[in-house]
Amino acid sequence: MSQTVTILGLESSCDDTAAAILRQTDESPPEILASIVYGQSELHARFGGVVPEIAARAHAEKLDLCVEEALAVAGLSLRDIDAIAVTAGPGLIGGVLSGVMCAKGLAAGLGLPLIGVNHLAGHALTPRLTDGAAYPYLMLLVSGGHCQFLIARGADSFTRLGGTIDDAPGEAFDKTARLLGLPQPGGPSVQAEATKGDARRFRFPRPLLDRPGCDMSFSGLKTALLRARDTILSEKGGLTRQDRADLCASFQAAVVDVLAAKTARAVTIYVEQTPAHPLLAVAGGVAANSAIRARLETVCTDLGVAFTAPPLELCTDNAAMIAYAGLELFHAGHRDDMALVARPRWPLDQAAAALLGSGKKGAKA
Amino acid sequence: MPTRTLQLTLSSPEQTCALARRLGACVGAGDVLLLQGGIGAGKTHFARCLIRSLLAEPEDVPSPTFTLVQTYDGLKGEIWHADLYRLSDPAEIEELGLIDAFADCLCLVEWPDRLSGLAPDRSLWFDFSMLQSEGARALTLSWSSPRWDTLQDILIHD
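Residue numbers (full-length UniProt numbering), protein chains in the order written: chain A, 1 to 365; chain B, 1 to 158.
Here you go:
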């Protein structure tokens with residue numbers, strides 16, 4: 001007899017609120033029946049920047065609407081759902097809490113299993129949802145708030161090889177845009193300027209390349225850019241369009257170099273573990289940068305590893321990934337109860353040592 | 001408004017870090033450190049050094065720009081590291097739980113101009129700016145609470 005599992009996923013750990021419905025029959029690829037994201041694009045337009053959603057009650061109100069809309073799009077009712085998966089962290093506590101409360105209410109009211117999902121696991125498992133990636137695969141999670149290399153071995157088994165010790169690349173792009181008077185989010189606007197610029201004009205630092213391991217640092221790059229900008233300002237009294245394009249191109253080239261060099265190291269470590277189907281998956285908004293993506297593809301080709309980057313709408317925050325992670329955990333027999341707590345901090349790899357500036361070891365946040 | 005000030009020149013990131021650690025030794029729950037200065041002025045670097053000096057186990061101290069708040073279980077109680085840059089309404093400060101944290105935790109707050117009138121009177125203000133020499137920063141500390149009147153003795157030695 002065939003088994004069909006339908007999961008409702010909820011996500012509210014950061015700026016967006018989302019609900020999705022995922023269905024899988026036996027071993028066939030899971031199907032996203034609905035994926036609703038209530039972003040804040042209308043607010044972004046008004047404030048000219050990314051406005052975080054802090055208010056728990058705003059998340060809670062939007063969650064109800066998201067769930068209703070997801071059910072309508074999927075043509076299902078709550079009675080058709082087999083389990084509720086919800087982001088239980090990490091993230092802003094108010095948002096996570098409202099998601100967990102909503103999920104508990106639904107699970108209790110419907111008598112359904114409740115599954116708490118790590119938001120980062122949602123991102124890290126997306127290549128399995130979109131590409132059927134086989135474990136173990138190497139994951140580069142690179143977004144506004146995150147940058148880390150993980151070997152994904154199972155739905156709740158990840159090994160962290162390294163990550164940023166200060167800013168994430170997405171944040172560095174946003175701040176570069178701020179420093180150069182370009183619109184937010186900085187990723188697309190800096191990339192667009194960079195295509196018109198000379199990447200060799202400014203020699204920005206490539207931090208930590210001289211150090212072993214897969215850790216990265218992008219904070220110093222921002223300072224170097226600021227100094228270069230101020231030097232031009234004091235010499236000429238202003239920035240020309242070409243100056244700005246050259247700054248963007250040189251900045252982007254430094255980010256690309258650092259990510260490429262560290263990716264090569266991470267791939268090397270990963271390949272030593274002789275995976276059957278070696279694969280690097282890149283997820284997160286920064287994966288949409290074509291220069292970064294092209295270089296990472298080259299690194300993979302050179303090292304004999306397949307490359308994939310899930311489509312952008314599944315790389316940014318969404319609930320389909322939470323439903324999918326919930327599905328894997330469901331099949332693994334994982335269940336939470338009403339004691340499920342919202343966790344502002346929740347490292348994917350509890351055992352990973354954080355390689356700090358001083359080279360000390362410790363727990364990873 | 002702050003009535004007393006102390007001006008320092010920090011010649012390198014290491015010196016900024018050393019200052020942060022010295023200060024870390026004499027702050028605790030209920031102290032509010034407000035870190036001003038533009039992008040790249042060194043606010044997060046300072047906060048990272050101070051927070052690490054108060055952790056039992058070394059761990060990463062990522063930038064809070066994206067997450068708004070990062071919290072830590074410090075040796076002397078809970079530490080809040082906030083970046084208010086993305087906030088637009090003082091009501092959001094309350095929603096974040098920052099007002100309660102001011103009373104109970106050690107708080108380091110970047111972009112404190114967003115606090116408007118919500119900054120506690122006992123706050124210690126930091127103003128970082130870049131100097132010509134690479135890695136060097138000018139730091140102006142200001143305060144009105146007698147809590148900080150001994151700063152000079154704590155921070156200026158060697």
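Ideal placement from N, C-alpha and C gives every residue a C-beta, glycine not left out.
When the beta-carbon positions are compared, phenylalanine 307 (chain A) and alanine 281 (chain A) come within less than 9 Å of each other.
At a cut-off of 9 Å between beta carbons, serine 53 (chain B) makes no contact with chain A. For serine 219 (chain A), the enclosing alpha helix (DSSP H) covers residues 219-236. Interface with chain A (9 Å Cβ-Cβ cutoff): leucine 96 (chain B) is included. The alpha-carbon of arginine 86 (chain B) is positioned some 18 Å away from that of leucine 180 (chain A). Under DSSP, phenylalanine 204 (chain A) shares a beta bridge with no residue. If only complete runs of 3 or more residues are kept, the segment 147-217 of chain A shows the beta strand (DSSP E) at 147-154, 157-163, in order along the chain. Taking the Cα of glycine 326 (chain A) as reference, the smallest distance to any Cα among A:Leu296, A:Leu63, A:Arg128 is reached at A:Arg128. Taking 9 Å as the threshold, the shortest C-beta distance from phenylalanine 66 (chain B) to chain A falls below it. Going by beta carbons, proline 185 (chain A) and glycine 285 (chain A) fall inside the 9 Å limit.
With respect to chain A, the C-beta atom of arginine 114 (chain B) has no partner C-beta closer than 9 Å. DSSP places leucine 92 (chain A) in no alpha helix (DSSP H); its state is neither H nor E.
Taking a C-beta cut-off of 8 Å against chain A, the contacting residues of the segment 125-140 of chain B are Met130, Glu134, listed in chain order.
The alpha-carbon separation between aspartate 131 (chain A) and proline 120 (chain B) amounts to approximately 52 Å. Within the segment 66-88 of chain B, contact with chain A at the beta-carbon level (separation under 8 Å) is assigned to Phe66, Thr67, Leu68, Val69, Gln70, Thr71, Tyr72, Arg86, Leu87, Ser88. As summarised for the segment 270-310 of chain A, the continuous alpha helix (DSSP H) elements at least 4 residues long and confined to that stretch are 290-303, given in chain order. Three or more beta-carbon pairs separated by less than 8 Å link the segment 259-266 of chain A to the segment 206-225 of chain A, which places the two stretches in contact. Short of 8 Å from the beta carbon of phenylalanine 102 (chain B), and not among the five residues preceding or following it, lie these beta carbons of its own chain, in chain order: Gly30, Val32, Pro120. Look at glycine 28 (chain B): its C-beta is not under 9 Å from any C-beta on chain A. Between alanine 288 (chain A) and alanine 245 (chain A), the beta carbon gap of about 20 Å keeps them out of contact (Cβ cut-off 8 Å). The bridge partners DSSP lists for glutamate 11 (chain A) are A:Ala18. Counting along the chain, no beta strand (DSSP E) covers glycine 122 (chain A); the unbroken alpha helix (DSSP H) around it starts and ends at 119-131.
By the Cβ rule, the segment 65-77 of chain A counts as touching the segment 24-34 of chain A, because three or more pairs are nearer than 8 Å. With a threshold of 9 Å between beta carbons, isoleucine 39 (chain B) makes contact with chain A. Cβ contact annotation for alanine 103 (chain A) (same chain, cutoff 7 Å, sequence separation greater than five): Leu10, Ile84, Val86, Leu114, in chain order. Under the three-state reduction of DSSP, leucine 98 (chain B) is assigned to helix. Taking 4 residues as the shortest admissible run, the segment 81-142 of chain B contains the following complete alpha helix (DSSP H) segments, listed from N- to C-terminal end: 90-96, 98-104. Look at valine 27 (chain B) here: in three-state DSSP terms it is coil, with no helix or strand label. Ranked by how close their Cα comes to the Cα of leucine 125 (chain A), the residues A:Gly144, A:Gly105, A:Asp82, A:Leu150 have A:Leu150 in first place.
Of the other Cβ atoms in all chains shown, 16 or more fall within 10 Å of the Cβ of valine 256 (chain A); this residue is therefore buried. Sixteen is the threshold: since fewer than 16 other Cβ atoms of the shown chains lie within 10 Å of the Cβ of aspartate 153 (chain B), the residue is exposed. Assigned with DSSP and collapsed to three states, isoleucine 81 (chain A) falls in coil, not helix or strand.
For alanine 60 (chain A), there are no C-beta contacts with chain B under 9 Å, since the nearest C-beta of that chain is about 13 Å from it. A Cβ-Cβ distance of about 7 Å is found for the pair leucine 108 (chain B) and leucine 50 (chain B), placing them in contact under the 8 Å criterion. Under the DSSP assignment, alanine 34 (chain A) falls in the beta strand (DSSP E) whose first and last residues are 31-38. For methionine 321 (chain A), the number of other beta carbons within 10 angstroms of its own is at least 16, and it is reported as buried.
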